[in-house]
Amino acid sequence: MKSLYLYVCFFWVISLTASLAVGETITYQGGNYSGEILRGLPDGEGTWILETGDTYVGSFIVGIPWEGQGVFQFSDGSRYEGRYLYGIPHGKGRMQRLDGSVYVGTFDLGIWSGEGSLVFSDKSTYVGAWQDGRYHGDGTLQLANGYIYAGEWQMGEKYGFGEEIVVRYAETAHYQGEFRRDQRHGYGVRTWSDWKYIGEWKNGKREGYGTTTFLNGFTYVGAYDKNRRSGQGVLYYPDGSLFAGLFRKGRPWAGEYSMEGVLGKYVLGVYKKRNN
1 MKSLYLYVCF
11 FWVISLTASL
21 AVGETITYQG
31 GNYSGEILRG
41 LPDGEGTWIL
51 ETGDTYVGSF
61 IVGIPWEGQG
71 VFQFSDGSRY
81 EGRYLYGIPH
91 GKGRMQRLDG
101 SVYVGTFDLG
111 IWSGEGSLVF
121 SDKSTYVGAW
131 QDGRYHGDGT
141 LQLANGYIYA
151 GEWQMGEKYG
161 FGEEIVVRYA
171 ETAHYQGEFR
181 RDQRHGYGVR
191 TWSDWKYIGE
201 WKNGKREGYG
211 TTTFLNGFTY
221 VGAYDKNRRS
231 GQGVLYYPDG
241 SLFAGLFRKG
251 RPWAGEYSME
261 GVLGKYVLGV
271 YKKRNN
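Just so you know, we're using the numbering used here here: the sequence shown kicks off at 1 and counts up by one.
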């Protein structure tokens, strides 16, 4: 019985060896394959050149670029180098796309997921977390025009807490606060060259209650609507006087001008804008 078992094992090894070829070239699925072959199929390390000019260099299991490290060079110039699973990029890898952008990071069955960095063709960059090929989690986006956002993302949109820097007309605006659906939304602080706003935002605009301090000495405390003073508020003037009342379209509408003096508060006048 033992001798029969040894004979079977010996026959299996001989058959496997006979079917294993190394360094041969065969025609395989619309291209030429050179490398290790088992029973007429790519198996092991090899190079597969398709009729399109695309080239894969790496490991195969029974004819499939199955699992391990590999390189796929496309005829259009794009290229992937990294880990494969089931013939699909999976794990850590590097992908250079046709437009010149380069992604380096983790793949989940062909999709950018996990930690990774993307360098665009214009040298803009994103470094951070990904999910389903989109920015998701903590990450930093820096554009070639000087724009920077560092903070939380949700499926490709700014969502949560973050910091934003905008460069416009050689001036820089800085915002720190909450975002929703790619826009400033919630509570935040924005600083420009000649003013600073602290308060509520809605859909990218100052809306709700807030305080704006201007470099020229003016300060407004009150309600906003779509970036304009609107509703009840107080406007403080550089000379110490103030207007308290109703604002519309960014301007005083109805209220009282006054000034604090040594003997108390002096009413300078009552203002009521006439309807046109």
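In this text, a Cβ means the ideal position worked out from N, Cα and C, and glycines have one as well.
Original post:
Are the beta-carbon atoms of Gly77 and Leu98 separated by less than 8 Å?
Top reply: In the sequence shown, the residue the question calls residue 77 occupies position 77. In the sequence shown, the residue the question calls residue 98 occupies position 98. Taking 8 Å as the cut-off, the Cβ atoms of Gly77 and Leu98 count as close.
Original post:
Expressed to the nearest angstrom, what Euclidean distance is found between the alpha-carbon atoms of Ala144 and Gln154?
Top reply: Taking the first residue of the sequence shown as position 1, residue 144 is located at position 144. Taking the first residue of the sequence shown as position 1, residue 154 is located at position 154. About 22 Å.
**OP:** Within the same chain, show all residues whose beta-carbon is closer than 6 Å to that of Leu109, passing over the 5 residues directly before and after it, in chain order.
**Re:** Counting from 1 along the sequence shown, the entry for residue 109 is found at position 109. Excluding residues up to 5 positions away in sequence, Ile88 and His90 lie with their Cβ nearer than 6 Å to the Cβ of Leu109 in the same chain.
**OP:** Measure the beta-carbon distance from Gly199 to Gly210 and round it to whole angstroms, keeping in mind my assumption that it falls under 8 Å.
**Re:** As a working mapping, residue 199 is identified with position 199 in the sequence shown. As a working mapping, residue 210 is identified with position 210 in the sequence shown. Correct: roughly 2 Å between the Cβ atoms.
**OP:** Look up Gln131 in the DSSP assignment and say whether it is helix, strand or coil.
**Re:** Residue numbering aside, residue 131 sits at position 131 when the sequence shown is read from its first letter. In this structure, Gln131 counts as strand in the three-state DSSP scheme.
Original post:
Buried or exposed: Thr17, going by 16 or more other Cβ atoms within 10 Å of its Cβ?
Top reply: Walking along the sequence shown from the start, residue 17 turns up at place 17. In this predicted model, Thr17 has a pLDDT of only 36, less than 50, meaning its place in the structure is not dependable; the value taken from the coordinates is given anyway. Its Cβ having fewer than 16 others within 10 Å, Thr17 is exposed.
Original post:
Is Val167 closer than 8 Å to Tyr147 when the C-beta atoms are compared?
Top reply: Translated into positions along the sequence shown, residue 147 becomes position 147. Translated into positions along the sequence shown, residue 167 becomes position 167. Closer than 8 Å, so yes.
**OP:** Ignoring anything shorter than 4 residues or poking outside the segment 131-155, list the alpha helix (DSSP H) runs there in chain order.
**Re:** As far as the segment 131-155 is concerned, it has no whole alpha helix (DSSP H) run of at least 4 residues.
Original post:
Which whole runs of the beta strand (DSSP E) in the segment 36-65 are 3 residues long or more, in chain order?
Top reply: Correct list: 41-50 and 55-60.
Original post:
Per DSSP, Lys202 is paired with what?
Top reply: Mapped onto the sequence shown, residue 202 falls at position 202. The partner list for Lys202 (beta bridge, DSSP) reads Lys205.
**OP:** In the DSSP assignment, find the unbroken beta strand (DSSP E) run with Ser113 in it and report its ends.
**Re:** Residue 113 sits at position 113 when you count from the first residue of the sequence shown. Ser113 -> beta strand (DSSP E) spans Ile111 to Val119.
**OP:** Using a threshold of 8 Å, state whether the C-beta atoms of Gly222 and Gly231 are closer than that.
**Re:** The residue given as residue 222 occupies position 222 in the sequence shown. The residue given as residue 231 occupies position 231 in the sequence shown. Against a cut-off of 8 Å, the Cβ pair of Gly231 and Gly222 comes out as a contact.
Original post:
What separation, rounded to the nearest whole angstrom, lies between the Cα atoms of Ser3 and Val62?
Top reply: Here the question's residue 3 lines up with position 3 in the sequence shown. Here the question's residue 62 lines up with position 62 in the sequence shown. Unreliable positioning characterises Ser3 in this predicted model, as indicated by a pLDDT of 41, which lies under 50. The coordinate reading is nonetheless provided below. For Ser3 and Val62, the distance between alpha carbons rounds to 32 Å.
Original post:
Per DSSP, what kind of secondary structure is Gly100 in: helix, strand or coil?
Top reply: Counting from one through the sequence shown, the residue named residue 100 turns up at place 100. Looking at Gly100 - three-state DSSP - the assignment turns out to be coil, as it is neither helix nor strand.
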